[in-house]
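Engineer: Here it is: the structure, laid out below.
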Amino acid sequence: MLTKQQAKERIEQLKKEIDKIRYAYHVLDKPIVSDAVKDSLQHELQELEQRFPDLITPDSPTQRVGGKPLDEFQKVQHAVPMLSLTDAFSEEEIFDWQERNSKLLEDFTQKVTQDGYYAELKMDGLAVSLVYEDGLFVQGSTRGNGLVGEDVTQNLKTIEAIPLRITPSLELIQKAGVKGAVKIPRRIEVRGEVFMTMKVFEGVNQEQEKAGLPKFANPRNAAAGSIRQLDPNVTARRKLSFYAYDLVTELGQKTHQQAHEIMKLLGFPVNPHNQHCANLTEVVRYHQKWASERRNLPYWTDGIVVVVNNLDLIRRLGVVGKAPRGMIAFKFPPEEATTVVEDIIVQVGRTGALTPVAVLRPVLVAGSTISRATLHNEDEIRRKDVRIGDTVVVHKAGDVIPEVASVLKEMRTGKEKIFQMPTRCPVCGGVVIRPAGEAIARCVNKKCFAQNFRRYLHFVSRPAFDMVGLGPKILKKFIDEGLVKDPADLFNLTEGDIAPLERFAEKSASNIVKAIQSRKHISLARFLYALGIQNVGEETAYDLADHFGSLEKIKNASLEEIEAVYDIGPVVARSIYDFFRDKNNLQFIERLLKAGIKIEEPPKKQAQPLSGLTFVFTGELASLTRDEAKNLVRGLGGDVSESVSKKTSYLVVGANPGSKYDKAHTLGVRLLNEADFLKLVGKRS
DNA sequence: ATCCCTCGAGTTCA
DNA sequence: CTCGAGGGAT
Numbered sequence: 006m007l008t009k010q011q012a013k014e015r016i017e018q019l020k021k022e023i024d025k026i027r028y029a030y031h032v033l034d035k036p037i038v039s040d041a042v043k044d045s046l047q048h049e050l051q052e053l054e055q056r057f058p059d060l061i062t063p064d065s066p067t068q069r070v071g072g073k074p075l076d077e078f079q080k081v082q083h084a085v086p087m088l089s090l091t092d093a094f095s096e097e098e099i100f101d102w103q104e105r106n107s108k109l110l111e112d113f114t115q116k117v118t119q120d121g122y123y124a125e126l127k128m129d130g131l132a133v134s135l136v137y138e139d140g141l142f143v144q145g146s147t148r149g150n151g152l153v154g155e156d157v158t159q160n161l162k163t164i165e166a167i168p169l170r171i172t173p174s175l176e177l178i179q180k181a182g183v184k185g186a187v188k189i190p191r192r193i194e195v196r197g198e199v200f201m202t203m204k205v206f207e208g209v210n211q212e213q214e215k216a217g218l219p220k221f222a223n224p225r226n227a228a229a230g231s232i233r234q235l236d237p238n239v240t241a242r243r244k245l246s247f248y249a250y251d252l253v254t255e256l257g258q259k260t261h262q263q264a265h266e267i268m269k270l271l272g273f274p275v276n277p278h279n280q281h282c283a284n285l286t287e288v289v290r291y292h293q294k295w296a297s298e299r300r301n302l303p304y305w306t307d308g309i310v311v312v313v314n315n316l317d318l319i320r321r322l323g324v325v326g327k328a329p330r331g332m333i334a335f336k337f338p339p340e341e342a343t344t345v346v347e348d349i350i351v352q353v354g355r356t357g358a359l360t361p362v363a364v365l366r367p368v369l370v371a372g373s374t375i376s377r378a379t380l381h382n383e384d385e386i387r388r389k390d391v392r393i394g395d396t397v398v399v400h401k402a403g404d405v406i407p408e409v410a411s412v413l414k415e416m417r418t419g420k421e422k423i424f425q426m427p428t429r430c431p432v433c434g435g436v437v438i439r440p441a442g443e444a445i446a447r448c449v450n451k452k453c454f455a456q457n458f459r460r461y462l463h464f465v466s467r468p469a470f471d472m473v474g475l476g477p478k479i480l481k482k483f484i485d486e487g488l489v490k491d492p493a494d495l496f497n498l499t500e501g502d503i504a505p506l507e508r509f510a511e512k513s514a515s516n517i518v519k520a521i522q523s524r525k526h527i528s529l530a531r532f533l534y535a536l537g538i539q540n541v542g543e544e545t546a547y548d549l550a551d552h553f554g555s556l557e558k559i560k561n562a563s564l565e566e567i568e569a570v571y572d573i574g575p576v577v578a579r580s581i582y583d584f585f586r587d588k589n590n591l592q593f594i595e596r597l598l599k600a601g602i603k604i605e606e607p608p609k610k611q612a613q614p615l616s617g618l619t620f621v622f623t624g625e626l627a628s629l630t631r632d633e634a635k636n637l638v639r640g641l642g643g644d645v646s647e648s649v650s651k652k653t654s655y656l657v658v659g660a661n662p663g664s665k666y667d668k669a670h671t672l673g674v675r676l677l678n679e680a681d682f683l684k685l686v687g688k689r690s
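Sequential numbering from 6 applies to the first sequence in the numbering used here.
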């Protein structure tokens with residue numbers, strides 16, 4: 006049986022060890038033991054404390070949870086006001102800020118040249134203040150209005166990243182670079198940001214949903230909501246994180262960077278990406294770096310904080326309004342913005358599909374101005390309940406494609422109009438039909454100009470005839486001038502036809518003719534794709550060419566024969582079969598052949614070293630284009646797909662990979678870099 | 001009948 | 001990238 010004295014010693018030992026583990030994990034970011042080991046130590050501590058309740062101290066890790074729910078939060082007066090920051094959105098504003106400061110203080114430029122700036126990632130959470138007395142965490146509070154906040158000590162104690170006890174000493178402070186003797190005060194105050202990682206945020210929202218509670222809009226709200234919980238047990242479950250960013254108490258620090266050093270040595274986690282910058286050029290570089298890399302961080306940041314490193318300067322620069330002059334928030338270009346749906350228009354595709362598109366009041370999102378966003382189809386509009394006149398949140402899906410993320414319904418005035426799919430084609434006035442059970446409404450007029458025009462674009466597009474330099478504008482001109490009646494006429498164009506047109510130099514006329522003529526030789530797969538048969542895309546065209554080997558055979562194939570092709574079912578077989586029974590289509594093919602198109606039939610199959618393997622590409626390859634790589638794989642009998650799944654054999658990763666990389670990572674798909682890929686195909690060919 | 005993977009088709013901006 | 005839907009596997 007353990008004596009009380011033995012228990013006391015063991016408890017001290019356990020507390021020390023658990024805090025060491027906490028420090029390694031949260032401050033050094035280098036875990037030394039597994040979670041299970043930590044849990045086990047914590048469990049032992051808890052048992053001992055249960056047996057000897059009078060040995061429980063307020064800095065024991067078991068005291069992080071277990072507080073009683075409060076009725077309300079007490080108000081806390083901040084000894085030093087918690088200020089806010091001025092925002093800057095451009096490089097220019099940052100330089101203006103420096104300019105203003107240098108005019109304010111004579112020695113500003115000299116001191117900044119000496120000590121530089123300190124740049125930090127601006128965490129998207131909520132600011133809190135932590136007060137320690139005689140090393141013990143005694144009070145934590147929110148910012149509130151800057152002067153008076155709320156006492157959330159119990160809740161902050163549940164955050165493991167926050168130390169419950171600190172042991173400041175002269176030795177420690179000197180280790181951080183402070184020179185000379187410093188009297189260490191009893192009371193020490195540190196400020197920082199409480200935030201929630203994306204992963205925790207998603208988990209919390211899943212639970213909210215399960216419990217039938219409203220979801221949090223973003224990690225910031227979730228963190229704020231969790232801190233303002235009256236029941237600390239709820240906060241404990243939310244797994245909040247914390248980074249310290251300011252040492253309020255005077256411990257001899259001369260620069261902001263030194264303050265960070267001291268806080269870290271005291272046991273507070275500070276963001277490891279914070280960085281000293283010699284000048285604003287370096288600050289701007291830091292900003293640019295994180296503007297693009299912030300996506301790879303496990304938490305949200307909306308900018309950086311730039312701090313004049315010399316603390317004396319900050320003090321003397323003073324405060325304007327509620328913001329100190331010595332620091333500024335340099336925001337990242339927003340990834341999300343709100344704007345107004347000015348109209349919903351309808352576009353007509355190659356197959357007659359009517360696609361509603363939101364016309365937006367132009368707004369800057371993630372570096373580019375967006376003015377339109379697809380709404381996909383009628384059902385999608387209903388689901389999101391987007392109306393003309395609505396204020397909406399837009400963002401970019403996969404960094405490129407603008408998307409209406411949600412509607413701010415609170416902002417409705419009642420004047421918003423509900424979108425109705427037109428019953429007549431907006432381009433040709435033809436009949437619009439939406440077959441039962443299908444999501445897409447189509448203009449059924451085969452002669453519709455919009456459809457016809459899209460067919461041209463498809464014909465000249467890269468995976469089809471790949472006629473470079475033949476964009477929509479030039480094509481439209483050719484059609485308007487009556488130079489071409491269908492895409493086959495393109496091959497009969499001469500310089501003499503084009504040159505007289507307005508704004509056509511001789512040179513560009515001859516370039517276009519050359520580009521067209523150089524495409525007369527084409528593979529069977531590309532040719533089939535270019536025809537624009539419904540439900541036949543790149544992949545199916547390739548399958549068809551491979552299976553039948555010649556245009557003649559495909560033309561004459563029966564429905565059953567087509568359906569026998571792997572990956573082709575009744576629906577696709579029907580549209581292929583019907584296509585080759587249509588008189589106009591057959592004439593079109595005849596005209597193409599008469600114009601001198603030479604179809605190259607697929608080579609007889611040779612060795613198939615990659616058969617059964619599926620490749621997916623992401624990012625840019627250095628030594629060959631995506632198309633060349635695809636052909637290489639197919640030539641060796643491998644399959645190429647556009648999306649990663651567990652059936653993917655290899656993901657070939659080039660420069661600047663996209664989201665496929667993450668997916669492959671979670672699915673455990675094997676990755677190849679370019680060199681490995683080349684080795685693989687090279688060795689086996 | 002149902003699930004999962006692919007494919008097709010449409011889309012934005014610099 | 002997104003959605004819808006075709007096709008094969010279960």
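C-beta: ideal position from N, C-alpha, C; glycine also.
1. Under 8 Å, with one C-beta from each stretch per pair, do the region 176-191 and the region 255-271 reach the 3-pair mark?
2. Given this structure, state the Cα-to-Cα distance separating I423 from T396, to the nearest angstrom.
3. Under the DSSP definition of a beta bridge, which residues are partnered with Q691?
4. Looking at the unbroken beta strand (DSSP E) that takes in D692, where does it start and where does it end?
5. Of the choices E255, F337, D34, whose alpha-carbon is the least far from that of A186?
6. Quick one: what does DSSP say T360 is sitting in, helix, strand or coil?
7. Mind checking whether the beta-carbon of N516 lies closer than 8 Å to any heavy atom of the ligand NAP?
8. For L126 and N223, which I take to be in contact (beta-carbon distance under 8 Å), what is that distance rounded to the nearest angstrom?
9. Alpha helix (DSSP H) containing Y123: first to last residue?
10. Have a look at M128 and T202 and give me their C-alpha separation to the nearest angstrom.
11. Could you check the C-alpha separation between H281 and Y123 for me, to the nearest Å?
12. Quick check: what's the CA-CA separation for D583 versus Q539?
13. Mapping the DSSP letters down to three states, classify T653 as helix, strand or coil.
14. Helix, strand or coil for A166 per DSSP?
15. Can you name the residues that DSSP bridges to G272?
16. Could you give the C-beta distance for R170 and F142, rounded to a whole number, given that I count them as a contact under 8 Å?
17. Select from Q144, E214, S411, R447 the residue whose C-alpha is nearest the C-alpha of D390.
18. According to the Cβ coordinates, are V353 and A444 closer than 9 Å?
19. Is I26 helix, strand or coil when you go by DSSP?
20. DSSP three-state call for A296: helix, strand or coil?
21. For the beta strand (DSSP E) containing E97, list its first residue and its last residue.
22. Do the region 156-170 and the region 234-253 make contact, defined as three or more Cβ pairs closer than 8 Å?
23. Hey, H381 and T356: beta-carbon distance below 9 Å or not?
24. When you compare only the Cα positions, how much space is there between V312 and A228?
25. Check R366 in the structure and name its three-state DSSP category.
26. Helix, strand or coil: how does DSSP classify Q263 here?
27. Let's test the definition: count the other Cβ atoms within 10 Å of the Cβ of K490 and tell me whether it reaches 16, buried, or not, exposed.
28. Is the region 490-509 touching the region 584-603, taking contact as three or more C-beta pairs under 8 Å?
29. Does the Cβ-Cβ distance between H400 and E340 come in under 9 Å?
30. Grab the span of the beta strand (DSSP E) containing D471 for me, first residue to last.
31. Is S690 helix, strand or coil when you go by DSSP?
32. Extract the residue ranges of the alpha helix (DSSP H) inside the region 33-78, only unbroken runs of 4 or more that lie entirely within it.
33. Enumerate in chain order the residues of its own chain whose CB-to-CB distance from V649 is below 7 Å, with the five nearest sequence positions on each side excluded.
34. Can you check which of these residues, G394, I99, R387, P468, is closest to T286 by C-alpha distance?
Structural biologist: Here's the rundown:
1. The region 176-191, when compared against the region 255-271, does touch it at the 8 Å Cβ threshold.
2. Near 14 Å, if we compare the C-alpha coordinates of T396 and I423.
3. There is simply no residue 691 to check, as the chain begins at 6 and stops at 690 in what is shown.
4. The structure shown does not extend to residue 692, since the chain is modelled only from 6 through 690, so no value can be given for it.
5. Closest by alpha carbon: E255.
6. DSSP places T360 in the strand class (E or B) of the three-state scheme.
7. The model depicted lacks the ligand NAP and carries no ligand whatsoever.
8. That pair is no contact at about 17 Å.
9. Here Y123 belongs to no alpha helix (DSSP H); instead the beta strand (DSSP E) covers 122-128.
10. Approximately 10 Å between the Cα atoms of the pair.
11. Linking H281 to Y123 through their CA atoms gives a straight-line distance of about 5 Å.
12. Spanning the two alpha carbons is a distance of roughly 10 Å.
13. Coil.
14. Of the three classes helix, strand and coil, the one that applies to A166 here is coil, per DSSP.
15. According to DSSP, which records beta bridges pairwise, G272 is partnered with nothing at all.
16. Yes, R170 and F142 are in contact; Cβ-Cβ is about 7 Å, under 8 Å.
17. The shortest C-alpha separation from D390 is found at S411.
18. Taking 9 Å as the Cβ cut-off, V353 and A444 do not qualify as a contacting pair.
19. It is helical.
20. It is helical.
21. Where E97 is concerned, there is no enclosing beta strand (DSSP E), although the alpha helix (DSSP H) it sits in stretches over 96-109.
22. Flag = yes, the region 156-170 and the region 234-253 touch.
23. Not closer than 9 Å, so no.
24. Distance between the alpha carbons of V312 and A228: 25 Å.
25. Correct three-state label for R366: strand.
26. Three-state result, Q263: helix.
27. Exposed: under 16 other Cβ atoms inside 10 Å.
28. Short answer: they touch.
29. Yes, these two residues count as a Cβ contact at 9 Å.
30. From DSSP, D471 is part of no beta strand (DSSP E); its letter is neither H nor E.
31. Bear in mind that a pLDDT of 42 at S690, under 50, signals an unreliable position, so the number given afterwards is only what the model happens to contain. Of the three classes helix, strand and coil, the one that applies to S690 here is coil, per DSSP.
32. If we require 4 residues or more, the alpha helix (DSSP H) runs fully inside the region 33-78 come out as 40-56.
33. Spatial neighbours of V649 in its own chain (CB-CB distance under 7 Å, excluding positions within 5 residues in sequence) are listed in chain order as V621, L656, K665, K668, A669, L672, V674.
34. Nearest to T286 by alpha-carbon distance, out of G394, I99, R387, P468, is I99.
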